[in-house]
Every structure is written in structure tokens, then in C-alpha cells.
Amino acid sequence: MLEIKLAFRNILRHKRRSLMTLLAIMTGVIGIVIFGGFVEANYSGLRESVIRSQYGHVQLYAPGYLQNHRKDPAGHRLSPDRVDEYLQLLESDERVLVTTRRLEFTGLLGNAGTSQAAMIRGVDPDSESMINSALTILEGNELTSDDEAGVLLGEGLAQSLDAKVGDELTLLAANDDGVMNAVDVQISGIFRSFAKEYDDRAMMMNIQRAQELLGIDDIDQLVVLLNYTSDLPAFMGALQAGANEHQLPLEFQTWDQMATFYHKVVDLYDGLFVFINIVIIAIVMLSIINTTMVTVMERTQEIGTIRALGTRRFSVTRQFLIECGLLAMISALAGVVVGIALSLYITSLEIMMPAPPGSSQGFPLRIELVPETWLFSVVGVVLVAVLSAYFPAASAARRNIVDALRHV
Amino acid sequence: MNPIVRVSALGKRYRLGETEVNALDGVTLDIYPGESVILSGPSGSGKSTLLQLIGCLDTPSTGTVKVLDLDTQTQSDNALSEFRARHMGFVFQTFNLIPVLSVYENVEYPLLLNKEPARKEKILSILQKVGLEKHAHQYPNALSGGQRQRVAIARALVHQPKLLIADEPTANLDRKTGDQVLELMFDLANTSKTAVVVSSHDPKIIAETDKRQIHLVDGVVISDKPVSHLKVAGL
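Chain order of the listed sequences is A and B. Counting from 1, position 126 in the first sequence corresponds to residue 126 in this note's numbering; the numbering is continuous, with no gaps. Each number in this note's numbering corresponds to the 1-based position in the second sequence with 1000 added.
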């Protein structure tokens, strides 16, 4: 109790010095809170974009699909019967928001002037629109199930074909026997996803028309979208158990396994976050070391006095550590409060950020409130402060009492 | 009666650059419980060094110091800290109060170190004795020099130590205040049966005291007698 009282009063004793230290630490903590919130907002925004514009949460395939579908697509598709079995399993799970079928292949898309290789995705328009909720339709309309000839073109692909909504194109693709088939399609809309590379080559069409083109009734993927991304681990556990129970072969990928772009961005931001944390830790350390050294020097005679009165060395050290820890804690808490206020304010401004590398869309600047970051910054800053103060404080406590008493 | 302090052939050497200084050389003396002793001598005679060694604040280069039969050289720093907290009180020339603690809290400090119960009664009682009960909640910087030294005396005696060490306690006070402080210190120590060792180079104090007086010159005890003997010897 005495130590806390002494710590508080000594902090207030040199108001200007304490204020400077407080401002330095506060600034660092505000940086952690805002940048941590920015990073988290980017992670969650990008994660949901990736999930809801392309991958879904989980994709189910026929056995061997992942390894062999490129060289033998015909032998690694899901038959309608198997799809029904999976659907029965999935329908009973309340975590599932929607499932959709996909058939993917490459083809040649052309008009009178030019032709382009395209990645074609056959989709169920109604359910796909729920999974692809992060797609932006730039022109025209989304696909509908009754518009058999309608297609959606990625922005880049439409530009390279100099095509616009309503134009007719010819799609050429080889069936499983290697025979080239052709169908006429009409552009219903032009879309933009989060990935420019994808938009440069992608086309979506009604899955039934795609199956007709390839002369099959199988599909490549059954895509599952959950209500919440946080449900994924529990859902996967239940899916595995259900598949085992019904002796269904299960080959799958979660969004996490597919989204290499997401992981690159996470790695980049994690690196930046570590760097910023190191800079902030250095600021805190220097501030605390400087404050402690000046304080120790000023209070040398006081240290000598309390040692003479019978205070142990460790108690003297502890006194300084409590003082620095308390100052750091007050500063960090103030930093968290100001950081939260600034985060809310910055988010409310709705500033648009430029498109990140590899992406075609800018995004609104959001700072998420991340309690884990607040806790980390307060605990981290207090620990760093206490560690930084230890050596000057311990050195003061070890000082010869007689020399300390003589200090002026 | 066993002495409370037993100093035998005590020597203390310091290095000042390349020169070795003999601050104390072969000092031997005993101090008894309740006894009041004035260490006199000119500046640099070794008074403060002797007080520091008796007060377990420093270790001798040669010889031994025993306080309450405790050989101070064989004790750990923690043991000596605890020993000082329990059995000793200190009054310094520059008062050395803790500036962020009130008068009450400064006096409470030794009691907290000793984890003593019923602190309030003891503190108020000693503050009354030093005439500062009305200043209990003031801070040292609001007090005069004489008041601060009275707080220091209260702090030094509140836990009823066996030995009070006072290094030039009147040096920063005017004559009248110094006399009052000294008288108060001896009176309180006498009441609590605390032995007192005070250093001073003030000729008036030395001349007027009726206490035992140990005169040091160049680190050597040249006299250990009542003041009248020194006067006769012309010292």
C-alpha cells in the first residue's frame, strides 16, 4: 500500500517529466490500437471478400480431384447421386447458409473481332449469387436461372474482347472426348471481384448450359457457404463425422487452403505490425529508461535515507518498478481510450483506400476494435516498462548507502 | 552491564585517486544502553565515518563493530537492513525526510518497515512530544528547518530503537533551534532508554554538554571523557 502511495505521489511530484513519458507511451499505444485495428479490419474484410466472392467456406470434390483433375477432369467429377448424398448431409446442419454447384473448364470466347481464352465457371445462378455476394456487377444484371444463354464477364475479359452488355459471343470448349463444341452466349452483365487477375479471365454461365456444352451431368465442386466464418472448425468436425457415418468419401478444401493471396497479405501486414511494435517498444523503453535514470539520480539521497532506515535493496528496486509500471499502465490505458476514440472517428469518416496489390477494388478505411490488441498493448507496455526500469532501479538499490547519503 | 556498541581496533581506509586516506585508525570504545555520547572533532576527523560504521551503513577495513552483540561484518545486507529497521534510528544533517510523504507518513515509515501494529497511537504520541501534532498532514516542504528536524527525530525514535545515530543534526539550524532540537532529542532518547551517539563540530555544543564526549582527530580517539576534562586539557 505504501509503495503504491509512494509511486502515485512520485509520479505527480514531477508532473512535466511524467507527462512527457505518458505522452510518449500513449502515442505508442495509440499506434498499436489503430494499426492493430486497421490490420484486423483488413484481415476480416479480405477474408470475407475471398470467401464471398470466390471460394465459399468449403468446397467438396470427388476423390482425387485436387491432384488429378487438371490431367483427367472427366474422371474426377461429382456425379448427381453423390451430390445428392452430400446435400442431404449438409441440409441438416444449421450452420450452412447455402450450397451451390460449380463446373469449371477453360474455353475460347470470341466475337467477330477477337477471341480470348477464358476460365469458365458454370453456376447455379440463384445460389451462386448468395455465395458471390462480394462481386460487384459493374454493368447489366446478375445471372438468372431462366436466362440460359446469359453470361457474366469479368471486367478485364470484357475489356480485352471490347464487349459490352447485350453483345453476343461464341464459346468454344472441348468435351471429355476432345470434341470441340460451340454455343452462343449473350453478355448479361460485367463484374468485378476482389482479384484483378481473376477478372481478366473469368466468365460465369448457367451450369445447365455448361453441362450441355460438355455433354455431361456431373459437376466439379459443391461449394458451401456458412452463416459465420467462425463456425468453420465446428462445421468441419461435424462434416467429417457425418461423412464417416455415411461412408462418404470426402475430399475438400477450406477457403483458408485456397486463399494464397489472403495469406500473402496477412504475412505482409503481420511483418509491418511486428516492425511497428518493435519501434513502439523501443520508444517505451527509451522513455522509461530515461525517466528512471533521471529519477534515480535525483532521488539518490532519498534512496540512501530509506536504505539507512532499514529498507531492503529489493524493496527499493520494487519501489521504482511499481512507479514505472504504474506510469506505464496509466499511459497505456489512456492510449487505449484515445486509440478507441480515434478508431471510431476514423472509421466514421469513410475514407476510401486505394486497391491493394493484385486487387481491383478500393475499400473503405475501417479500424476494427480489437480487445485482444488493447490487452496486448497494456500488458506489453507495462512489462517493457518494468523490464526497462529494472536495471537503473537495481543499480540504484545496490549503491553504497554512505555514498547515496552524501549525494547532493 | 553489557555495552550496546563494542568497537575494537576499528580502521577505515578510503582511496582518493592514488592516495589512501585513513579515516579511522585503531578506534576502540564501548557505548552502553541509554548512554548519550557526543563525537567531537574537526572536519575530516572521522566522526561521520565512525557513526556510519556503528550504524551498520558501512563496513570497516580493519577491526570489528558489534552492536547488540551482532558482529556487523558477518551479516548479509538484508540482515543488516532488518537490524537497522528494528534497533536503530537515524537523524541526518539535511533532515532527509521523504518529500512525498506527510509528516505523519514519514514518522510511520519505520513502523511499516517493522510491520508494527497500532501505529496511529505511537505516531500521534511522538508527534505530540516533538510538538508537531498539528502539522501531521503537512508535507516536509511546508515546514521550517527546525520542524523538519523534529520530524526526523520523531521518525528516528517512534519505534523505540536501542540506538540513535545523529550525524551533525544541528548543522543546518540556527543556534537557538539547534539547541532545542538537541535537547529534545536527548530527552526523548532518555525517556525511551535509547543510547544516542551524536556527532558535532560545534564548539558551543561541545563546551556546554554534560554528556560523554569522544574527541577524534585524524581518525584517532584522543579523548573519551566528560567535557570538563577536555577543557582542562585545552582541547
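All C-beta atoms, glycine included, are put in the ideal place defined by N, C-alpha and C. A quick note: this is a predicted structure, and the numbers were derived from the prediction, not measured.
Check: CB contact flag (valine 58(A), phenylalanine 194(A), <8 Å); Outcome: no
Check: Inter-residue spacing [alpha-carbon to alpha-carbon] between leucine 1111(B) and proline 1117(B); Outcome: 8 Å
Check: Touch test, the region 71–80 of chain A against the region 252–267 of chain A, Cβ-Cβ under 8 Å, three pairs minimum; Outcome: no
Check: Nearest residue (CA-CA) to methionine 285(A), options Ala24(A), Leu6(A) and Arg16(A); Outcome: Ala24(A)
Check: C-beta contact flag for aspartate 1162(B) and leucine 1068(B) at 8 Å; Outcome: According to the sequence provided, residue 1162(B) is lysine. The question's aspartate does not apply to it. Cβ atoms of lysine 1162(B) and leucine 1068(B): closer than 8 Å.
Check: Cβ separation of asparagine 1106(B) and leucine 1113(B), assumed to be a contact under 8 Å, to the nearest whole Å; Outcome: Actually they do not touch by this definition, with Cβ atoms about 12 Å apart.
Check: Nearest-angstrom Cα separation, counted from arginine 1212(B) out to valine 1227(B); Outcome: Any reading at valine 1227(B) is ruled out, since the residue's pLDDT is 45, under 50, leaving its predicted position unreliable.
Check: Contiguous alpha helix (DSSP H) assignments of at least 4 residues, all confined to the region 289–348 of chain A; Outcome: 300–308 and 313–348
Check: Chain-ordered neighbours of leucine 1070(B) on chain A, where CB pairs are closer than 7 Å; Outcome: Ordered by position in chain A, no residue passes the 7 Å Cβ test against leucine 1070(B), which lies about 14 Å from the chain.
Check: Per-residue contacts from asparagine 1096(B) into chain A (C-beta, under 7 Å); Outcome: Gln301 and Thr305
Check: Closer than 8 Å to chain B by CB, alanine 393(A); Outcome: no
Check: Range of the contiguous alpha helix (DSSP H) that encloses threonine 1049(B); Outcome: 1047–1054
Check: Residue span of the alpha helix (DSSP H) that contains phenylalanine 38(A), given as start and end; Outcome: 15–50
Check: 6 Å Cβ shell around glutamate 40(A) - same chain, five flanking residues per side excluded; Outcome: Glu368 and Val370
Check: Pairwise C-alpha distance: glycine 1046(B) and valine 1158(B); Outcome: 28 Å
Check: Partners in chain A for valine 1221(B), counting only beta-carbon separations shorter than 8 Å; Outcome: Per Cβ cutoff of 8 Å: no residues; valine 1221(B) is ~21 Å from chain A at best.
Check: Candidates Gly1131(B), Arg1015(B) and His1087(B), of which the one nearest leucine 309(A) by Cα; Outcome: His1087(B)
Check: Valine 378(A) and leucine 342(A) closer than 8 Å at C-beta; Outcome: no
Check: Assigned exposure category for lysine 1012(B) - 16 Cβ within 10 Å defines buried; Outcome: buried
Check: Valine 402(A): contacting residues in chain B (beta-carbon distance under 7 Å); Outcome: Gln1052, Leu1057 and Asp1058
Check: Alpha carbon of glutamate 251(A) to alpha carbon of leucine 60(A), nearest angstrom; Outcome: 6 Å
Check: The region 90–110 of chain A / the region 172–191 of chain A touching (three or more Cβ pairs under 8 Å); Outcome: yes
Check: Length of the line joining the Cα atoms of leucine 212(A) and valine 185(A); Outcome: What sits at residue 212(A) in the sequence shown is glutamate, not leucine. Approximately 13 Å, taken between the alpha carbons.
Check: Residue from Thr1059(B), Ala1085(B) and Gly1089(B) whose Cα sits closest to the Cα of glutamine 1075(B); Outcome: Thr1059(B)
Check: Residue(s) in a DSSP beta bridge with leucine 1113(B); Outcome: Leucine 1113(B) pairs with nothing; no bridge assigned.
Check: Alpha helix (DSSP H) segment containing phenylalanine 391(A), residue limits; Outcome: 371–398
Check: Cα-Cα separation between valine 1232(B) and isoleucine 1206(B), rounded to whole angstroms; Outcome: Its pLDDT being 41, under 50, valine 1232(B) is placed unreliably by the model, and nothing is read from it.
Check: Proximal residues of chain A, C-beta to C-beta of valine 1100(B) below 7 Å; Outcome: Leu6, Arg9, Asn10 and Arg13
Check: Reduced DSSP category for proline 1003(B) - H, G, I as helix; E, B as strand; rest coil; Outcome: coil
Check: CB contact flag (aspartate 199(A), arginine 192(A), <8 Å); Outcome: yes
Check: Cα-Cα separation between isoleucine 4(A) and isoleucine 303(A), rounded to whole angstroms; Outcome: 17 Å
Check: Every unbroken beta strand (DSSP E) inside the region 122–147 of chain A [3 residues or more]; Outcome: 136–140
Check: Beta-carbon proximity list for aspartate 124(A), same chain, < 6 Å, skipping 5 on both sides; Outcome: Thr100, Arg101 and Ile207
Check: Buried or exposed (CB count within 10 angstroms, at least 16 for buried), valine 274(A); Outcome: exposed
Check: Neighbour list for arginine 1084(B) in chain A, Cβ cutoff strictly below 8 Å; Outcome: Ala308, Leu309 and Gly310
Check: Cβ-based burial, alanine 1152(B) [other Cβ within 10 Å; buried from 16]; Outcome: buried
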